[in-house]
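> Before anything else, here's the structure in question.
In my numbering, the protein residues as written are 2 to 98.
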């Protein structure tokens with residue numbers, strides 16, 4: 002009978018250890034119903050805001066693109082000229098070559 006009691010106690014200890022190990026494992030968070038409502042509310046509000054946006058027409062997009070390209074050309078030219086001037090200054094004046 003002593004053996005049966007010790008086996009029963011060992012089984013109970015194993016079961017307790019298994020329960021503690023399961024409790025220690027991180028559980029995947031289940032989205033709460035409130036979170037689901039917040040998410041669907043966010044999507045609905047975002048869609049409503051997107052409907053209010055005044056999207057540019059084709060002419061506005063083309064004009065904006067041309068302005069950006071011209072600005073890039075102007076800035077690129079300025080940087081190139083500035084680089085050439087400073088290359089000359091550094092090589093002739095500072096290094097004496």
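For every residue, glycine included, the Cβ atom is placed at its ideal position computed from N, Cα and C.
May I have the straight-line CA-CA distance separating residue 12 from residue 19, to the nearest angstrom?
The residue you call residue 12 lines up with position 11 of the chain shown. The residue you call residue 19 lines up with position 18 of the chain shown. Rounded to whole angstroms, residue 12 to residue 19 spans 10 Å at the Cα level.
> Residue 64 to residue 92, Cα distance in whole Å?
Taking the chain shown and counting its residues from 1, one reaches residue 64 at position 63. Taking the chain shown and counting its residues from 1, one reaches residue 92 at position 91. Answer to the nearest angstrom: the Cα atoms are 42 Å apart.
> Tell me whether residue 96 sits in a helix, a strand or coil according to DSSP, three-state version.
Taking the chain shown and counting its residues from 1, one reaches residue 96 at position 95. Residue state, collapsed to three classes: coil.
> Quick check on DSSP: helix, strand or coil for residue 10?
Start at 1 with the first residue of the chain shown, and residue 10 comes out as number 9. Here residue 10 sits in helix by DSSP.
> In angstroms with no decimal places, state the Cα-to-Cα distance between residue 97 and residue 82.
The residue labelled residue 97 in the question sits at position 96 within the chain shown. The residue labelled residue 82 in the question sits at position 81 within the chain shown. Going by the C-alpha atoms only, they are around 21 Å apart.
> Taking the straight line between their C-alpha atoms, what separation do you get for residue 46 and residue 70?
Residue numbering aside, residue 46 sits at position 45 when the chain shown is read from its first letter. Residue numbering aside, residue 70 sits at position 69 when the chain shown is read from its first letter. So the two alpha carbons sit approximately 35 Å from each other.
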